[in-house]
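Reading through the structure tokens given below for one structure.
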Amino acid sequence: MSETNQVSKNVLNRISQLIVGRKKELQLMIRAISKGLPIIIEGSVGTGKTEMAKVLAQSLERPFVRVDGDDNLTSIKLKGWYDPPLVLEKGFSRETFIPGPLTHAMENGGIFFYNEVNRAPSETINAVLTALDEKLITIPQIGEIVAKDGFISIFTYNPEDTVATNPLPKAFYDRCIWIHVSHQTFEEMKEIVFLRTNSSDRLIIAISCEIVQATINHPELEMSSTVRGAIHLVELYENQEIIEEQTLIERVIAVHSRKIRCKTTSSKTESEIIEEIVSKVLSRYEDDRIIRKKE
Ligand SMILES: Nc1ncnc2c1ncn2[C@@H]1O[C@H](COP(=O)(O)OP(=O)(O)OP(=O)(O)O)[C@@H](O)[C@H]1O
Ligand SMILES: [Mg+2]
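Rendered as structure tokens:
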């Protein structure tokens with residue numbers, strides 16, 4: 251086995267302890283990274299984009315900076331700025347320039363992790379483009395800063411998120427390797443909830459995941475819930491707590507009612523759909539800890 255393959259295998263083994271499933275996607279990401287290619291993880295809400303990017307970046311054991319896209323994230327904040335008192339004293343130079351996270355990652359051969367890239371203004375994305383393929387950026391008064399070997403970029407992106415977001419320029423699309431992620435299987439979902447909550451209560455984990463599963467592709471919902479909802483519901487239960495139907499409905503409403511959305515064609519409310527789902531899911535379980543509502 252070549253040295254690169256061995257490194258990739260070790261990284262993948264480390265990641266497997268923290269990420270459930272996603273082997274193919276992770277292998278592809280590691281391969282792209284080993285070639286210095288920028289990657290973008292694309293998927294809808296709660297599909298594990300941030301977690302995958304974070305774990306991958308941390309497991310590579312290189313300097314690592316993270317930024318989260320928002321309207322105020324200007325290109326100056328990303329690249330860096332001059333310190334006015336120092337400039338007065340020493341003039342414009344690399345010494346008086348305070349590197350932003352992008353420059354920092356480039357100068358240290360590190361990982362630049364940009365979460366929710368479509369939340370940043372377009373001018374910021376444009377400023378990143380040369381860093382992606384040519385591995386350089388231009389700083390006024392200094393000139394070009396060229397990235398050290400090892401510099402790579404990882405982005406996350408939710409194409410369904412249209413509030414407070416900006417379209418990404420085509421040039422950006424063109425420079426990245428796209429990793430698409432969608433909802434994981436029921437079995438994987440249970441493993442994720444187990445991993446994230448440390449709960450040993452397999453019954454509430456299974457019920458919570460079934461509830462989420464029932465929202466996915468539900469004919470009356472235009473927006474389904476995610477594994478995050480299953481994690482939240484399990485957190486609301488003590489270990490081995492009695493599962494009383496009415497209390498479960500109330501907690502599921504608290505967790506999911508704003509995570510799901512009814513189609514305009516549906517005559518039901520989110521809470522009504524939740525009640526139906528809970529009753530259907532509970533009907534599949536025979537367990538002394540479950541107390542059903544009286545008809
Ligand atoms: N494959 C996975 N392995 C382990 N944990 C996961 C996995 N997928 C999701 N999670 C967990 O599920 C939750 C949601 O994941 P995450 O925040 O990464 O989603 P996201 O795609 O970034 O969502 P958003 O679009 O809302 O930012 C987190 O608690 C995360 O730890
Ligand atoms: Mg995220």
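Counted from 1, the sequence shown has number 351 at position 101 by the numbering used here; the numbering is strictly sequential. Cβ coordinates follow ideal geometry from the N, Cα and C atoms, glycine included.
Cutoff 8 Å; reference residue i; Cβ partners in own chain excluding five residues on either side
i	result
arginine 446	Ile481
glutamate 438	Val270, Gly271
alanine 464	Ile527, Lys530, Val531
Same chain, Cβ closer than 6 Å to residue i, neighbours up to 5 away in sequence not counted
i	result
tyrosine 487	Ile454
glutamate 359	Looking at the sequence shown, residue 359 is not glutamate but glycine. Within the same chain, glycine 359 has close Cβ partners Lys398, Asp399, Gly400, Phe401.
alanine 504	none
glycine 364	Going by the sequence as given, residue 364 is tyrosine instead of glycine. Closer than 6 Å at Cβ, skipping near neighbours: Val317, Phe405.
Buried versus exposed call for residue i [16 or more other C-beta atoms within 10 Å across all chains shown]
i	result
proline 288	buried
leucine 483	buried
isoleucine 265	buried
glutamate 394	exposed
arginine 534	exposed
threonine 412	exposed
alanine 421	exposed
asparagine 368	buried
proline 390	exposed
glycine 296	buried
glutamate 491	exposed
aspartate 538	exposed
proline 417	exposed
lysine 544	exposed
alanine 414	exposed
aspartate 451	buried
For residue i: DSSP bridge partner residues
i	result
aspartate 318	Asn365
isoleucine 429	Ile291
glutamate 394	Thr388
methionine 473	Arg511
tyrosine 423	Paired residues: none, contrary to the question.
isoleucine 540	Ile493
Endpoints, alpha helix (DSSP H) assigned at residue i
i	result
glutamate 548	This structure cannot speak to residue 548, because the chain is shown only from 251 to 545.
serine 533	520-533
isoleucine 503	495-506
leucine 382	372-383
arginine 452	452-465
lysine 273	273-284
valine 305	299-309
isoleucine 269	First-last for isoleucine 269: undefined, no H or E at that position.
threonine 447	436-447
Residue range of the unbroken beta strand (DSSP E) whose run includes residue i
i	result
proline 349	347-349
threonine 388	386-389
phenylalanine 405	402-407
glycine 330	330-332
Near ligand 3: residue i beta-carbon under 6 Å from a heavy atom
i	result
isoleucine 361	Of the ligands this structure carries, namely ligand 1 and ligand 2, none is ligand 3.
Min CB distance residue i to chain D below 7 Å
i	result
isoleucine 283	Absent here is chain D; the protein component of the structure consists of one chain.
Same chain only: Cβ atoms within 7 Å of residue i, ignoring 5 sequence neighbours per side
i	result
isoleucine 473	In the sequence as presented, isoleucine is not what sits at residue 473; that position holds methionine. Result list for methionine 473: Ile510, Arg511, in chain order.
aspartate 333	Thr346, Ile348
Are the stretch 420-429 and the stretch 502-522 touching, with three or more C-beta to C-beta distances below 8 Å?
-> At 8 Å Cβ cutoff, the stretches do not touch.
Is it a yes or a no for the stretch 349-358 touching the stretch 304-311, going by three-plus beta-carbon pairs under 8 Å?
-> In short, these stretches do not touch, since the Cβ pair count stays below three.
Decide yes or no for the touch test of the stretch 278-288 against the stretch 337-345: beta carbon pairs closer than 8 Å, at least 3 of them.
-> Cβ pair count under 8 Å is below three, so no.
Touch check for the stretch 274-285 and the stretch 316-333: three-plus C-beta pairs under 8 Å?
-> At 8 Å Cβ cutoff, the stretches do not touch.
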